[in-house]
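A.B. asks: Following numbering that gives the first Met the number 0, the numbering of the first sequence begins with 0 at its first residue and continues without gaps.
Even for Gly, the Cβ is constructed at its ideal location relative to N, Cα and C.
The model shown is predicted, which means the values in this text are computed figures rather than measured ones.
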Amino acid sequence: MTFRLATWNVNSLKVRLPHLLDWLGRAKPDVVCLQETKTEDANFPLVELHAAGYQAVYCGQKAYNGVAILAHSRPQDVQHGIPNFVDDPKRVIAATVGDMRIVCLYAPNGQSVGSEKYQYKLRWYEAVTAWLKDELVKDPNLAVLGDLNVAPEDRDVHDPKRWAGQIHVSEPERAAMRNVVDEVGLADAFRLFEQPEKEFSWWDYRLAAFQRNWGLRIDHILLSPELAKRCIACSIDKTPRTLGRPSDHAPVIADLR
DNA sequence: ATGGCCGAGCGCCTCGGA
Numbered sequence: 000m001t002f003r004l005a006t007w008n009v010n011s012l013k014v015r016l017p018h019l020l021d022w023l024g025r026a027k028p029d030v031v032c033l034q035e036t037k038t039e040d041a042n043f044p045l046v047e048l049h050a051a052g053y054q055a056v057y058c059g060q061k062a063y064n065g066v067a068i069l070a071h072s073r074p075q076d077v078q079h080g081i082p083n084f085v086d087d088p089k090r091v092i093a094a095t096v097g098d099m100r101i102v103c104l105y106a107p108n109g110q111s112v113g114s115e116k117y118q119y120k121l122r123w124y125e126a127v128t129a130w131l132k133d134e135l136v137k138d139p140n141l142a143v144l145g146d147l148n149v150a151p152e153d154r155d156v157h158d159p160k161r162w163a164g165q166i167h168v169s170e171p172e173r174a175a176m177r178n179v180v181d182e183v184g185l186a187d188a189f190r191l192f193e194q195p196e197k198e199f200s201w202w203d204y205r206l207a208a209f210q211r212n213w214g215l216r217i218d219h220i221l222l223s224p225e226l227a228k229r230c231i232a233c234s235i236d237k238t239p240r241t242l243g244r245p246s247d248h249a250p251v252i253a254d255l256r
């Protein structure tokens, strides 16, 4: 019996709800972390998700950001935002599902290297790292999923020369993500396994980037040592990106024993 | 690869995304 964790930046839950429901039926994940729901809590599509067999906890706002965790049983001990880090955008929600602590993250985009939003992105990462260290002490079964907006290595970039030093791949951003992985002691589930080359989770809407596979791997599943031991597979599901009116991101899936 | 796309808002252009 496997337990399937997934993360998907849906880029508007309202627009993507048909895709999400279709994908839930096909992929049958046990836990799903959503980002960029762009939906106020009052408008969250609880009825449709209940009908599909999922409970949900969520934290949203109008137009931008917004995160949610879906599971067959109602997620418990819900935490909104990063403790001791004042932040307006709704980027973080955490909850307990079964024996796992699930952290759903939507990292800041950063806009351009050196900008004010870039500095904010790096500060946000520092706060996340400090928080997750505490979180792992409290619960060794820790899974961190989300749109981390960093392509950690050149092999996660379709054209590393073209992207060198740019937002999402700059060294300080990579160091910030490495800190989460190394200082907290997590594992990038995708790299626990042999993978095909040029596997990405995001492709620009412009210039037929998906058809050309001009993408980045910026959506990640990070597992604590206890959960990494149980992980038997990790992959990116490109199917929803091939459909009409797709999200620009594809779901990432990890299977655990 | 970068004009070119997409979603949201009180909206027919602008902002933000990545």
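Given a threshold of 16 other Cβ atoms within 10 Å of its Cβ, counted over all protein chains shown, does residue 100 qualify as buried or as exposed?
C.D. replies: By the neighbour-count rule (16 or more Cβ atoms within 10 Å), residue 100 is buried.
A.B. asks: How is residue 118 classed by DSSP in three states: helix, strand or coil?
C.D. replies: If DSSP states are grouped into helix, strand and coil, residue 118 belongs with the helices.
A.B. asks: Taking the beta carbon of residue 148 as the centre, do at least 16 other beta carbons fall within 10 Å, making it buried, or is it exposed?
C.D. replies: Counting Cβ neighbours within 10 Å, residue 148 comes out buried, since at least 16 surround it.
A.B. asks: Give me the residue from 115, 110, 109, 57 with the minimum Cα distance to residue 102.
C.D. replies: For residue 102, the nearest C-alpha among the options comes from 57.
A.B. asks: Could you tell me which residues DSSP puts in a beta bridge with residue 248?
C.D. replies: BP columns for residue 248 point to 201.
A.B. asks: Between residue 35 and the ligand ADP, is the CB less than 7 Å from at least one heavy atom?
C.D. replies: Of ligands this structure carries none, so the ligand ADP is not represented either.
A.B. asks: Less than 8 Å between the C-beta atoms of residue 218 and residue 251, yes or no?
C.D. replies: It is a contact, given that the beta carbons lie within the stated cut-off.
A.B. asks: So what's residue 178 in DSSP terms, helix, strand or just coil?
C.D. replies: It is helical.
A.B. asks: Nearest-angstrom Cα distance between residue 38 and residue 254?
C.D. replies: If I take the Cα positions, the gap works out to 28 Å.
A.B. asks: Would the beta-carbon of residue 157 fall within 8 Å of that of residue 212?
C.D. replies: Yes; because the gap between Cβ atoms is below 8 Å, this pair is in contact.
A.B. asks: State the Cα-Cα distance for the pair residue 142 and residue 43, rounded to the nearest angstrom.
C.D. replies: Rounded to whole angstroms, residue 142 to residue 43 spans 24 Å at the Cα level.
A.B. asks: Whole angstroms are fine: how far does the CA of residue 145 sit from the CA of residue 179?
C.D. replies: Roughly 13 Å between the two C-alpha positions.
A.B. asks: Helix, strand or coil for residue 9 per DSSP?
C.D. replies: Correct three-state label for residue 9: coil.
A.B. asks: Report yes or no: do the segment 57-72 and the segment 21-36 share at least 3 C-beta pairs separated by less than 8 Å?
C.D. replies: Taking 8 Å as the limit for Cβ pairs, the verdict is that the segment 21-36 does touch the segment 57-72.
A.B. asks: Is it buried or exposed for residue 220, if we count other Cβ within 10 angstroms and need 16 for buried?
C.D. replies: Buried.
A.B. asks: My understanding is that residue 96 touches residue 135, with C-beta atoms under 8 Å, so please give their C-beta distance in whole angstroms.
C.D. replies: At roughly 17 Å, the Cβ-Cβ gap does not stay under 8 Å, so residue 96 and residue 135 are not in contact.
A.B. asks: Over what stretch of residues does the beta strand (DSSP E) that includes residue 241 continue unbroken?
C.D. replies: That residue, residue 241, is in no beta strand (DSSP E); its alpha helix (DSSP H) goes 238-241.
A.B. asks: Verify whether the separation of the beta carbon atoms of residue 6 and residue 231 is less than 8 Å.
C.D. replies: No, they are not a contact pair.
A.B. asks: Thinking just about the alpha-carbon of each residue, which of 50, 228, 235 is nearest to the one in residue 195?
C.D. replies: Closest by alpha carbon: 235.
A.B. asks: Grab the span of the beta strand (DSSP E) containing residue 85 for me, first residue to last.
C.D. replies: Per DSSP, residue 85 belongs to no beta strand (DSSP E) and is neither H nor E.
A.B. asks: Which value, in whole angstroms, describes the spacing of the CA atoms of residue 214 and residue 86?
C.D. replies: C-alpha separation (whole angstroms): 29 Å.
A.B. asks: Within its chain, find whatever has a CB closer than 8 Å to the CB of residue 9; leave out the 5 residues flanking it on each side and keep chain order.
C.D. replies: Around residue 9: 15, 18, 19, 33, 34, 35, 36, 246, 248.
A.B. asks: On the DSSP letters alone, give me the boundaries of the beta strand (DSSP E) that residue 157 sits inside.
C.D. replies: It is not in any beta strand (DSSP E) - residue 157 carries neither H nor E in the DSSP assignment.
A.B. asks: By DSSP, does residue 258 sit in helix, in strand, or in coil?
C.D. replies: With the chain covering 0 to 256 only, the question about residue 258 has no answer from this structure.
A.B. asks: Where do the N-terminal and C-terminal ends of the beta strand (DSSP E) with residue 79 fall, by residue?
C.D. replies: Counting along the chain, the beta strand (DSSP E) containing residue 79 begins and ends at 75-79.
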